[in-house]
Amino acid sequence: MLDKYERKIDYLRISLTDRCNYRCKYCMPDGLSCKKSHEDMLTLEEINEISKIFVKKGIKKIRLTGGEPLVRKNVESLVKMLAEIDGLKDLAMTTNGYFLKEKAEILWENGLKRLNISLDSLDEKKYKIMSQGGDLKKVLDAISYAKNFAYKIKINFVLIKGFNDGEIYDFIKFAKENDIELRFIELMPIGGTADFSKDKFISSDEIIKKLNLIPIKNPDTHSPTSLYKVPDFDYTLGIIEPLSHKFCSTCNRLRLTADGKIRPCLHSDLEIDLKKAIRANENIEKLIDEALMKKPKRHHLEKEVIKESMYRIGG
Numbered sequence: 001m002l003d004k005y006e007r008k009i010d011y012l013r014i015s016l017t018d019r020c021n022y023r024c025k026y027c028m029p030d031g032l033s034c035k036k037s038h039e040d041m042l043t044l045e046e047i048n049e050i051s052k053i054f055v056k057k058g059i060k061k062i063r064l065t066g067g068e069p070l071v072r073k074n075v076e077s078l079v080k081m082l083a084e085i086d087g088l089k090d091l092a093m094t095t096n097g098y099f100l101k102e103k104a105e106i107l108w109e110n111g112l113k114r115l116n117i118s119l120d121s122l123d124e125k126k127y128k129i130m131s132q133g134g135d136l137k138k139v140l141d142a143i144s145y146a147k148n149f150a151y152k153i154k155i156n157f158v159l160i161k162g163f164n165d166g167e168i169y170d171f172i173k174f175a176k177e178n179d180i181e182l183r184f185i186e187l188m189p190i191g192g193t194a195d196f197s198k199d200k201f202i203s204s205d206e207i208i209k210k211l212n213l214i215p216i217k218n219p220d221t222h223s224p225t226s227l228y229k230v231p232d233f234d235y236t237l238g239i240i241e242p243l244s245h246k247f248c249s250t251c252n253r254l255r256l257t258a259d260g261k262i263r264p265c266l267h268s269d270l271e272i273d274l275k276k277a278i279r280a281n282e283n284i285e286k287l288i289d290e291a292l293m294k295k296p297k298r299h300h301l302e303k304e305v306i307k308e309s310m311y312r313i314g315g
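Numbering follows UniProt numbering, with no gaps: position 153 of the sequence shown is 153.
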């Protein structure tokens, strides 16, 4: 699929739920609870049918997100259905890892091959503070266990000034010792957590300078990740920098929210409702085409705050 700016769109990110067992400060505003009913959400069968249409139109990669995707009941059944779609080349999941150990084997057997683990501190006290109740040991045990199944694993580390910026080398060492890819991510001003994000933002340029990173070419020209060699570590680090260095010109993705709305851009509040159409047995291809043509040329995060919080969008 091509959008009106001739960008090839072949990547769909699907949020399975807005619910999460964590309350990370940059993702879910304090005092907010997820109140959408099961009726508000796409069923697993609806997600599968929509995914088939997307794949028929050219989607090659699907990533399951949340909220926390592993709190979605029967998620392993959905993984099996999606993995069997003819033409889908890549099926991945982003998770906080809390429930991963219990699910890792069946998810692998059902066709999931790649995992991104959100992990923002290797210090137990800090981890509990940021996640507001998370269990670091349980997540680290799950990562170790998942390696038994040959998953390709990445760690997503959100840079937070005054909180985890002192752990950068600890994360590089941890990732290298465990043969895991590491991605630093700039904090984004989204939803009710925007004020928190503004005060805690660290630019990728600061990290590059601090670590004396050496830029290298990313073979995946559509990836939002800039790759760097870390001197003295013999390790390649990735940085996702939506504010410091926009990657809109090569963006190849659409998003589907848990309640059935296509979001052409993570950083725009524009949404197109698929749920209503699919439940009325209407052809949704024209709505997908509409979303594709409404994908903006670039975001304006430096000027405006997106209303929806990350937990609902499925960043």
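We put the CB at the ideal spot given by N, CA and C, even for glycine.
This one's a predicted model, so the numbers in the text were calculated from it and none came from an experiment.
Thr94, DSSP secondary structure in three states: DSSP places Thr94 in strand when its eight states are reduced to three.
Distance between Asn48 and Ser77 (C-alpha atoms, nearest Å): Roughly 10 Å between the two C-alpha positions.
Of the residues Ser131, Ile153, Arg19 and Tyr26, the one placed nearest Asp179, counting alpha carbons only: The shortest C-alpha separation from Asp179 is found at Ile153.
According to DSSP, residues forming a beta bridge with Asn156: Answer is Ser118 and Arg183, bridged to Asn156.
Per-residue burial, Glu241 [other beta carbons within 10 Å of its own, 16 or more giving buried]: So Glu241 ends up on the buried side.
Length at least 4, wholly inside the stretch 1–65: the alpha helix (DSSP H) runs in chain order: With a minimum length of 4 residues, the continuous alpha helix (DSSP H) runs that stay inside the stretch 1–65 are 44–56.
CB contact flag (Ile278, Ile50, <8 Å): Taking 8 Å as the cut-off, the beta carbon of Ile278 is found closer than this to the beta carbon of Ile50.
Which of helix, strand or coil DSSP assigns to Arg279: Taken through DSSP and simplified to helix, strand or coil, Arg279 comes out as helix.
Under the three-state DSSP convention, the category Gly238 falls into: Residue state, collapsed to three classes: strand.
Ile160 beta carbon less than 8 Å from that of Leu182: Taking 8 Å as the cut-off, the beta carbon of Leu182 is found no closer than this to the beta carbon of Ile160.
Three CB pairs or more closer than 8 Å across the stretch 80–93 and the stretch 119–139: In this structure the stretch 80–93 does not lie against the stretch 119–139, because fewer than three pairs of beta carbons, one per stretch, are closer than 8 Å.
Host alpha helix (DSSP H) of Ile207 (start-end): Taken as a continuous stretch (DSSP letters only), the alpha helix (DSSP H) holding Ile207 covers Ser204 to Leu211.
Residues near Tyr11 in its chain [Cβ-Cβ closer than 6 Å; skip 5 each side]: Excluding positions up to five away in sequence, the list reads Lys61, Asn252 and Arg253.
Cβ neighbours of Asp40 in the same chain (closer than 7 Å, five flanking residues each side left out): A distance below 7 Å between beta-carbons, with the five flanking residues on each side excluded, links Asp40 to the following residues of its chain, in chain order: Asp259.
Asp273, DSSP secondary structure in three states: Correct three-state label for Asp273: strand.
Exposed unless 16 or more other CB atoms sit within 10 angstroms - verdict on Lys210: With fewer than 16 Cβ atoms within 10 Å of its Cβ, Lys210 is classed as exposed.
Other residues of its chain near Lys173: CB distance less than 8 Å, five sequence neighbours each side excluded: Leaving aside the five residues that flank Lys173 on each side, the residues in its chain whose CB is nearer than 8 Å to its CB run, in chain order, Phe233.
Beta-carbon contacts of Phe54 that lie in its chain and below 6 Å, excluding the five residues immediately before and after: Taken in chain order, the residues that qualify are Leu12.
Helix, strand or coil at Lys229 according to DSSP, with G and I counted as helix: Assignment of Lys229 by DSSP, reduced to helix, strand and coil, places it in the strand class.
N-terminal and C-terminal residue of the alpha helix (DSSP H) that Leu136 is part of: Residue range Leu136 to Ala146 is occupied by the alpha helix (DSSP H) that includes Leu136.
Classification of Leu112 by the beta-carbon crowding that lies within 10 angstroms, buried from 16 upward: Under this definition Leu112 is a buried residue.
Short Cβ contact (8 Å threshold) for Gly97 with Val139: Closer than 8 Å, so yes.
Sub-8 Å separation of Asn148 and Leu119 beta-carbons: Contact: no.
DSSP state of Lys261 mapped onto helix, strand, coil: If DSSP states are grouped into helix, strand and coil, Lys261 belongs with the strands.
Cβ-Cβ distance between Lys246 and Thr236 below 8 Å: Cβ atoms of Lys246 and Thr236: not closer than 8 Å.
Where Ile172 sits in the DSSP three-state scheme: In the displayed model, Ile172 falls within a helix according to three-state DSSP.
Same chain, Cβ closer than 6 Å to Asn116, neighbours up to 5 away in sequence not counted: Thr94, Lys154 and Asn156, listed in sequence order.
Helix, strand or coil at Pro69 [DSSP, three-state]: Of the three classes helix, strand and coil, the one that applies to Pro69 here is helix, per DSSP.
Euclidean distance between Cα positions of Ser309 and Leu88: Caution is warranted here: a pLDDT of 48 is assigned to Ser309, below 50, making its placement in the model unreliable, and the coordinate value is therefore given only provisionally. CA-CA distance, Ser309 to Leu88, rounds to 29 Å.
Same chain, Cβ closer than 6 Å to Leu70, five either side skipped, listed in chain order: Only Thr95, Phe99 and Lys103 meet the Cβ criterion.
Leu107 (DSSP reduced to helix, strand or coil): Three-state DSSP puts Leu107 in a helix.
Reduced DSSP secondary structure (H/G/I, E/B, other) of Arg298: In the three-state DSSP reduction, Arg298 falls in the coil class, being neither helix nor strand.
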